[in-house]
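Report on one structure; see the data block that follows.
2 protein chains.
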Amino acid sequence: MTNKPFSVSCPLPFGENDTIQLAHGGGGRLMQQLIEHLFLPAFDSAGVRESHDGALLSPKSERLAFTTDSYVIHPLFFPGGDIGKLAVYGTVNDLVMCGARPRYLSAGFILEEGLPIKTLQSVVASMQAAALACGVEIVTGDTKVVDRGKGDGIFINTAGIGEIESPQDIGPSQVRPGDHIILSGDIGRHGIAVMAIREGLEFDTTIESDLAPLCEPVLSLLEAGVEIHCLRDLTRGGLASAVNEIAEAAGICITLDEAAIPVEEQVRGACEILGFDPAYVANEGRFIAFIPEKEVGRALDILHAFPLGKAACLIGVAREKETSEAAVTMKTKIGVERIVDMISGEQLPRIC
Amino acid sequence: MTNKPFSVSCPLPFGENDTIQLAHGGGGRLMQQLIEHLFLPAFDSAGVRESHDGALLSPKSERLAFTTDSYVIHPLFFPGGDIGKLAVYGTVNDLVMCGARPRYLSAGFILEEGLPIKTLQSVVASMQAAALACGVEIVTGDTKVVDRGKGDGIFINTAGIGEIESPQDIGPSQVRPGDHIILSGDIGRHGIAVMAIREGLEFDTTIESDLAPLCEPVLSLLEAGVEIHCLRDLTRGGLASAVNEIAEAAGICITLDEAAIPVEEQVRGACEILGFDPAYVANEGRFIAFIPEKEVGRALDILHAFPLGKAACLIGVAREKETSEAAVTMKTKIGVERIVDMISGEQLPRIC
Numbered sequence: 614m615t616n617k618p619f620s621v622s623c624p625l626p627f628g629e630n631d632t633i634q635l636a637h638g639g640g641g642r643l644m645q646q647l648i649e650h651l652f653l654p655a656f657d658s659a660g661v662r663e664s665h666d667g668a669l670l671s672p673k674s675e676r677l678a679f680t681t682d683s684y685v686i687h688p689l690f691f692p693g694g695d696i697g698k699l700a701v702y703g704t705v706n707d708l709v710m711c712g713a714r715p716r717y718l719s720a721g722f723i724l725e726e727g728l729p730i731k732t733l734q735s736v737v738a739s740m741q742a743a744a745l746a747c748g749v750e751i752v753t754g755d756t757k758v759v760d761r762g763k764g765d766g767i768f769i770n771t772a773g774i775g776e777i778e779s780p781q782d783i784g785p786s787q788v789r790p791g792d793h794i795i796l797s798g799d800i801g802r803h804g805i806a807v808m809a810i811r812e813g814l815e816f817d818t819t820i821e822s823d824l825a826p827l828c829e830p831v832l833s834l835l836e837a838g839v840e841i842h843c844l845r846d847l848t849r850g851g852l853a854s855a856v857n858e859i860a861e862a863a864g865i866c867i868t869l870d871e872a873a874i875p876v877e878e879q880v881r882g883a884c885e886i887l888g889f890d891p892a893y894v895a896n897e898g899r900f901i902a903f904i905p906e907k908e909v910g911r912a913l914d915i916l917h918a919f920p921l922g923k924a925a926c927l928i929g930v931a932r933e934k935e936t937s938e939a940a941v942t943m944k945t946k947i948g949v950e951r952i953v954d955m956i957s958g959e960q961l962p963r964i965c
Numbered sequence: 614m615t616n617k618p619f620s621v622s623c624p625l626p627f628g629e630n631d632t633i634q635l636a637h638g639g640g641g642r643l644m645q646q647l648i649e650h651l652f653l654p655a656f657d658s659a660g661v662r663e664s665h666d667g668a669l670l671s672p673k674s675e676r677l678a679f680t681t682d683s684y685v686i687h688p689l690f691f692p693g694g695d696i697g698k699l700a701v702y703g704t705v706n707d708l709v710m711c712g713a714r715p716r717y718l719s720a721g722f723i724l725e726e727g728l729p730i731k732t733l734q735s736v737v738a739s740m741q742a743a744a745l746a747c748g749v750e751i752v753t754g755d756t757k758v759v760d761r762g763k764g765d766g767i768f769i770n771t772a773g774i775g776e777i778e779s780p781q782d783i784g785p786s787q788v789r790p791g792d793h794i795i796l797s798g799d800i801g802r803h804g805i806a807v808m809a810i811r812e813g814l815e816f817d818t819t820i821e822s823d824l825a826p827l828c829e830p831v832l833s834l835l836e837a838g839v840e841i842h843c844l845r846d847l848t849r850g851g852l853a854s855a856v857n858e859i860a861e862a863a864g865i866c867i868t869l870d871e872a873a874i875p876v877e878e879q880v881r882g883a884c885e886i887l888g889f890d891p892a893y894v895a896n897e898g899r900f901i902a903f904i905p906e907k908e909v910g911r912a913l914d915i916l917h918a919f920p921l922g923k924a925a926c927l928i929g930v931a932r933e934k935e936t937s938e939a940a941v942t943m944k945t946k947i948g949v950e951r952i953v954d955m956i957s958g959e960q961l962p963r964i965c
């Protein structure tokens, strides 16, 4: 991608009220038209232009991270973002959590017959802007169309490749007892923003999703040489599920400090009304890092320099696991300790 | 993946009649269970096991191919394959068409609430067997669940990374006037097999899809140093769309010889009854190669050594484009020349 700004507004062969037909996914002339006039102007990379079965890459690093996510969020547009932005930042963030610099994305669209082409244009423009904002190229893609009633407007899968520049091994197996856990900002905004629009809830001001790319703050920590044992973004299942997964994979215990975890006033209020625990609500622009105690001050200083990390704080510690102890506990504001279990399902389905 | 044989039959916490719930995609305990007891035993690679946001790769080549495809085929099971096998071979074949050795796949599942878990198990076992058969590892994945009536059982996206070992540049831009076009086998079987089962058509014997991985024959051509200008597998839109796309991208004309194109008797009969032209019917294990005339004999000798390539033959030539000439023409069996245009849509939707 030459990273030029939006060009999806170039002359299109599509009318104002045109919709997606089954034939748009059929491999014939109509699909060519969709690729040429809608996808190509947005995802203008050499790989996409060559009209080939795949993109050719020459990554600069010998160590790569590879990840994938499908996005089925309902509704497609929500305060603070849309499915297109989510499909780019979500996968970019997974790469960043591997300590990698995101470089290349694939984009697979599953469109429902009858989808307004205007809707697809907005989503694609949003993906283009998001890719530009975090320096990744959408290099290869695919479109399928399913019959009306067999999909839900747009589903997007993105897979991503990132280059690992830092020699550090980052992952649950690197977590050690004594590690301190820092959180990059307030939690619960994405899930509540989606829920509010879905259920028609009204608040004094609109709660916006925290959806954001995490490249800059995390890569800055790595470039500064901060020792990082594990990174995890807090998506489905929220903070509580993320710490439970890591505690289990690393075979350690974690104690969180409830008073230290930032939750915006309106989000807390919405959670109370809806009966949700903010620790389980999804985020799309927040992460936790497990780091040695000696690195806490420096890591927070670095994070505080970014708008995205200005509320970063220490929220807990990892401890040696003793038999039959709960994996994750939380010191509550009234001073007692409660178990933070992994939930069975999810409080809100289809929020990512 | 340690490439051990099927292990999806290990003790499962799922009952005979269990179905997928929204909670299986929620990031909580039920999703963990699905990953641990269904996906992990099948896709047992270090990347998947680490319970991390992505897989870490150290490819051996500096030049990589990267591609993606979503699979929405209906029905999920058809003679000669199923959506799982298709999702592996389809993406593997796209990498092979870039001249790459397929190495790593991602797998993103979009499941519909109510899907029998048994169905998912079969599909996943089939993916495992397919990956094993062509030496690729499924290293990272994702599962989303959509509400009943918002999907169609299972959609799968796979993205793939392959290593390019040959120094040859392969792609439409490399095609030259005078190039000869070889086809690897008979055409039309995949589309007709799917159509027959979908519409309940009966033939003397079951028409089976040609679904197959193309790695061995194509990599053998490359390893033997056969000069190859362009490769293309004949999926959606069939042979006719593939040659049209390449002719357009390369700015050349193509003449095909109808009598040379192998079509199985039963497939030809079904096409006649249904009013289809076999040249437009989808395949999932067939490819064309554009090669210099001097390489034709050697290339066919190599292909004939593989069961998959035993019917390989020369089917046409590329020529200099003259103004206003049709991009693709076919010399018919009765000796006249007809235009082979790209179709507008597709004769059969959702066949891949």
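As you go down the protein sequences, you meet chains A and B in turn.
Going by our numbering, the first residue of the first sequence is number 614, and it counts up by one from there.
Going by our numbering, the first residue of the second sequence is number 614, and it counts up by one from there.
Ideal Cβ positions, reconstructed from N, Cα and C, are used throughout, including at glycine.
Computed from a predicted structure; not experimentally measured.
| Item | Value |
| --- | --- |
| Assuming A/L847 and A/I800 form a contact by the criterion Cβ under 8 angstroms, report the distance between their Cβ atoms to the nearest whole angstrom. | 7 angstroms |
| Could you spell out the range, first to last residue, of the beta strand (DSSP E) harbouring B/E950? | E950 to I952 |
| For B/G791, which residues in the same chain have their Cβ closer than 8 angstroms to its Cβ, ignoring the five residues on either side in sequence? | P905, E906, V930, A931 and R932 |
| Within this structure, are the beta carbons of B/G773 and B/P826 separated by less than 8 angstroms? | no |
| Work out the CA separation of B/I867 and B/L718 for me, nearest whole Å. | 34 angstroms |
| At 8 angstroms on the CB atoms, spell out the chain A contacts of B/G667, in chain order. | A678, F679, T680, D707, L708, M710, C711, A713, G773 and G775 |
| Is the distance from the Cβ of A/V807 to the Cβ of A/I633 below 8 angstroms? | no |
| Suppose contacts are defined by Cβ-Cβ distances below 8 angstroms. Is A/L824 in contact with A/I901 by that definition? | no |
| Taking the straight line between their C-alpha atoms, what separation do you get for B/T753 and B/E878? | 42 angstroms |
| Return the first residue and the last residue of the alpha helix (DSSP H) that B/K944 is part of. | First-last for B/K944: V941 to K944, but that is the beta strand (DSSP E), not the alpha helix (DSSP H). |
| Look up B/A931 in the DSSP assignment and give the residues it is bridged to. | B/I867 |
| Going by DSSP in three states, B/P618 sits in which element: helix, strand or coil? | Reliability of the predicted coordinates at B/P618 is poor, the pLDDT of 40 falling under 50, and the value obtained from them is presented with this limitation in mind. In the structure shown, B/P618 sits in coil (DSSP, three-state: anything other than H, G, I, E or B). |
| Can you tell me the Cβ-Cβ gap for B/A895 and B/I964, rounded? I've got them flagged as a contact below 8 angstroms. | 5 angstroms |
| Just how far apart, CA to CA, sit A/D657 and B/K731? | 42 angstroms |
| Between which two residues does the alpha helix (DSSP H) containing B/S735 stretch? | I730 to A746 |
| Kindly indicate which three-state DSSP category A/V788 falls into: helix, strand or coil? | coil |
| Judging by CA-CA distance, which residue of B/E725, B/P780 and B/H793 is the nearest neighbour of B/R761? | B/E725 |
| How about B/G667 and A/L832: are their beta carbons less than 8 angstroms apart? | no |
| Considering only C-alpha positions, which residue in the set B/E829, B/L913, B/V941 and B/K757 is nearest to B/Q645? | B/K757 |
| By Cβ distance, which residues of its chain are closer than 8 angstroms to B/V839, with the 5 residues on each side in sequence left out? | I904, E908, R911, A912 and I915 |
| Suppose the cutoff is 7 angstroms on Cβ atoms and the five residues either side in sequence are ignored; what does the same chain contact list for A/P688 look like? | I810 and R811 |
| Give the C-beta separation of A/M710 and A/R845 to the nearest angstrom, bearing in mind that I take them to be a contact with Cβ-Cβ under 8 angstroms. | 6 angstroms |
| Let's test the definition: count the other Cβ atoms within 10 Å of the Cβ of B/E885 and tell me whether it reaches 16, buried, or not, exposed. | exposed |
| Compute the Euclidean distance between the alpha carbons of A/H793 and B/Y684, then round it to the nearest angstrom. | 43 angstroms |
| I'd like to know if A/P688 contacts chain B, where contact means its C-beta is closer than 8 angstroms to some C-beta of that chain. | no |
| Any C-beta of chain B sitting closer than 8 angstroms to the C-beta of A/Y702? | no |
| Going by beta carbon distance, what residues of the same chain come within less than 8 angstroms of A/D765, once the five residues before and after it are set aside? | V685, H687 and E725 |
| Based on DSSP bridge pairs, tell me the residues matched to A/T681. | A/A772 |
| Identify each residue in the region 728 to 761 of chain A for which the Cβ-Cβ distance to at least one residue of chain B is less than 9 angstroms, and report them in chain order. | V752, T753, G754, D755, T756, K757, V758, V759 and D760 |
| Exposed or buried, what is A/L814 when buried is set at 16 or more other beta-carbons lying within 10 Å of its beta-carbon? | exposed |
| Pick helix, strand or coil for A/R845, following the three-state DSSP scheme. | strand |
| Does the beta-carbon of A/E816 have 16 or more other beta-carbons within 10 angstroms, so that it is buried, or is it exposed? | As written in the sequence, residue 816 of chain A is Phe, which differs from the Glu given in the question. So A/F816 counts as exposed. |
| Mind pulling the chain A residues with CB within less than 9 angstroms of B/I904? | The contacting residues do not exist; B/I904 stays about 17 angstroms from chain A at best. |
| Could you tell me the distance, in whole angstroms, from the CA atom of A/A744 to the CA atom of A/A720? | 11 angstroms |
| I want to verify the contact list: residues of chain B whose CB lies under 7 angstroms from the CB of A/S779, in sequence order. | Within chain B, no residue comes near A/S779; the closest Cβ sits about 12 angstroms away, beyond 7 angstroms. |
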